[in-house]
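5 is the number of the first residue of the sequence shown in my numbering; add one for each residue after it.
Don't be surprised by glycine CBs; every beta carbon is placed ideally from N, CA and C.
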Amino acid sequence: MKVLRADPDPDTVRALGELAVLEVFAGSPEADRVSDEALTLGQALDVGASLLSGLLVTRGLYLNRTGRRVQAIAYLRESERLAAQAGDTFTLARALGNLSYVLATTDPAAAAEAARTAVRHLRRIGAREFLAFAIGNLAGSLRELGDWDTAEAELTQAVDSDGLADIEYFACERGWLAALRGDAETAETLLAGLRDLRSSEDPRTR
Numbered sequence: 005m006k007v008l009r010a011d012p013d014p015d016t017v018r019a020l021g022e023l024a025v026l027e028v029f030a031g032s033p034e035a036d037r038v039s040d041e042a043l044t045l046g047q048a049l050d051v052g053a054s055l056l057s058g059l060l061v062t063r064g065l066y067l068n069r070t071g072r073r074v075q076a077i078a079y080l081r082e083s084e085r086l087a088a089q090a091g092d093t094f095t096l097a098r099a100l101g102n103l104s105y106v107l108a109t110t111d112p113a114a115a116a117e118a119a120r121t122a123v124r125h126l127r128r129i130g131a132r133e134f135l136a137f138a139i140g141n142l143a144g145s146l147r148e149l150g151d152w153d154t155a156e157a158e159l160t161q162a163v164d165s166d167g168l169a170d171i172e173y174f175a176c177e178r179g180w181l182a183a184l185r186g187d188a189e190t191a192e193t194l195l196a197g198l199r200d201l202r203s204s205e206d207p208r209t210r
């Protein structure tokens, strides 16, 4: 990075953006500095709406992880706007998917709307991992709204039609819905199949 920083150009911004993603998801103390540096440099070099949109997503994720929800929402909404302006469907869907996650705790209706739009885009471009994330957000928001049937239908479609049967947290979500309905037998059957999640050492998963 020292070499790239000496004479920065759009490639420097891209490299910093990738580093920022790693730092944010690792929970690194460098996440604040690097995500801010990438975004600041991107603006200074006028890198264009598409790249800038991705940098805004990363900065928004950092802000949400540090409890600055209002700022995170603002960054993600601006990312959505810029990605749409650039015709960058993938980054647009990323912005919407993450926006739905941030909104879920306070505005599940808005979260469901954002997630549903993200799902539509991601199904069209075939971004499997991001599609799984967006469907999970959609199902969670629908559950919070009390629309359990639609939440279950979305999860079932993800397994049966979208080819996401190997993603265990869909079974976990379906088991949760069954438990909420008092159907302990179905819940236990679904949860018994969570081999990877049960063996995970990740504290969040456990």
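TODO: Please confirm whether S39 and A87 have their CB atoms less than 8 angstroms apart.
DONE: no
TODO: Rounded to whole angstroms, what's the CA-CA distance from L80 to R98? Just pull it up for me.
DONE: 9 angstroms
Task: Exposure of E192, with buried meaning 16 or more beta-carbon neighbours within 10 Å - done: exposed
- [ ] Using a threshold of 8 angstroms, state whether the C-beta atoms of E156 and L142 are closer than that.
- [x] no
TODO: From the DSSP output, in three-state form, read off D170 for me.
DONE: coil
Task: Every unbroken alpha helix (DSSP H) within the stretch 125-157, with a cutoff of 4 residues, ordered by chain - done: 132-148
TODO: Would you mind working out which of V163, D36, H125, G52 sits nearest Y66, comparing C-alpha positions?
DONE: D36
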